[in-house]
Structure formats: structure tokens, C-alpha cells
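All remarks here apply to the structure that follows.
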Amino acid sequence: MKISANKLLQQIPGAITENWPMGERFARGLNHGSMSVELYAPQNEDPQKPHDQDELYFIIEGSSLLLIEDSEFECAPGDAFFVKAGQAHHFFKFSEDFKTWVVFWGPMGGEADLP
108 MKISANKLLQ
118 QIPGAITENW
128 PMGERFARGL
138 NHGSMSVELY
148 APQNEDPQKP
158 HDQDELYFII
168 EGSSLLLIED
178 SEFECAPGDA
188 FFVKAGQAHH
198 FFKFSEDFKT
208 WVVFWGPMGG
218 EADLP
């Protein structure tokens, strides 16, 4: 399976929803089992709420700050971030060209930590 960011960008903005009154800022690219890969390109604000699955972000382009619970991180192309299922998080102060891959996987509630 293969997907390109440029192809997914053509699907953004997506459907208008309560959380996304100007259209969804993500597009799903790949699915297999519990895993999904999406492209996320927020604009103006990031209205994300905690997710039911663990997730990884791989920054593609632009810059941003990412708040995960009480920890703040600078984001640049090539960076990767892990967010446990249920953790509050959002991007802010992002550039107009900010884009990131998002990978969701695993059981609802997230995977258990190893002993």
C-alpha cells in the first residue's frame, strides 16, 4: 500500500462537521486492521480532543508547538511524537504550511505499558 501527502492534500478541507465548521483538516490515506494513516493540516486552530487509540505524529512540513498534557514541544520537519490514547493534546502557533502524518493503532484505550 502507498499514499502520498500531495494526493491527500487534495481532499482537504473535507466534510463540514460540528468540530470542523470550515471542513475537516485531515484525510485518511491507509487502513489495515486497527491501524490508520492520515494527513493532518490544521488551519487557524486545532480542535482535537483526546483519541481512543495511541497515535504517532511525523511532521512533514512547517513548524508548530505541540502541547501534550502539560508538556510543550517544538515541531519541525522530521520530528516524531507519541501521544498515548486519552491524553489531551493539540498543536498551536503552527505555520500556514504545517502538515503532519498521523498514525493511529492498537486497541481502544491504548496499548498497555510493558512491565
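Under our numbering, think of the first position of the sequence shown as 108, with each following residue one higher.
Ideal Cβ placement from N, Cα and C applies to all residues, glycine included.
Keep in mind it's a predicted model, so treat the numbers as computed, not measured.
(message) Within 10 Å of its beta-carbon, does K206 have 16 or more other beta-carbons around it, so buried, or fewer, so exposed?
(response) Locating residue 206 in the sequence shown gives position 99, counting from the first residue. Buried, because 16 or more other Cβ atoms sit within 10 Å of the Cβ of K206.
(message) Suppose you measure from the CA of E176 to the CA of H196; what does that come to, to the nearest Å?
(response) Reading the sequence shown from its first residue, position 69 is the one you call residue 176. Reading the sequence shown from its first residue, position 89 is the one you call residue 196. Each residue's alpha carbon lies about 6 Å from the other.
(request) Give me the Cα-Cα distance between I123 and P184, rounded to the nearest whole angstrom. (result) Walking along the sequence shown from the start, residue 123 turns up at place 16. Walking along the sequence shown from the start, residue 184 turns up at place 77. Answer to the nearest angstrom: the Cα atoms are 28 Å apart.
(request) Starting from A112, follow the alpha helix (DSSP H) in both directions and report where the run begins and ends. (result) Within the sequence shown, residue 112 is the residue found at index 5, counting from 1. Segment A112 to L116, the alpha helix (DSSP H) holding A112.
(request) Entirely within the stretch 115-170 and at least 3 residues each: give me those beta strand (DSSP E) ranges in chain order. (result) Fully enclosed beta strand (DSSP E) runs of 3 or longer: 133-139, 142-147 and 161-168.
(request) Could you tell me the distance, in whole angstroms, from the CA atom of P120 to the CA atom of E131? (result) The sequence position of residue 120 within the sequence shown is 13, counting from 1. The sequence position of residue 131 within the sequence shown is 24, counting from 1. The alpha-carbon separation between P120 and E131 amounts to approximately 5 Å.
(request) Measure the CB-CB distance between G187 and I166 and report whether it falls below 9 Å. (result) Indexing the sequence shown from 1 puts residue 187 at position 80. Indexing the sequence shown from 1 puts residue 166 at position 59. Before going further, note that residue 187 is Ala rather than Gly in the sequence given. For A187 and I166, yes; Cβs fall inside 9 Å.
(request) Could you check how far apart the C-beta atoms of L146 and M108 are, in whole angstroms? I think they sit under 8 Å. (result) Here residue 146 is taken as the residue at index 39 of the sequence shown, counted from 1. Here residue 108 is taken as the residue at index 1 of the sequence shown, counted from 1. Contact between L146 and M108 fails: their C-beta atoms lie close to 15 Å from each other, not under 8 Å.
(message) Rounding to the nearest angstrom, what Cα-Cα distance links S202 and G140 in this structure?
(response) One-based indexing of the sequence shown puts residue 202 at position 95. One-based indexing of the sequence shown puts residue 140 at position 33. Cα-Cα distance, rounded: 33 Å.
(message) So the candidates are D220, P222, F211 and M215; which of them puts its Cα closest to the Cα of F144?
(response) As a working note, residue 144 is residue 37 in the sequence shown. Rather than Phe, the amino acid found at residue 144 in this sequence is Val. Nearest to V144 by alpha-carbon distance, out of D220, P222, F211 and M215, is F211.
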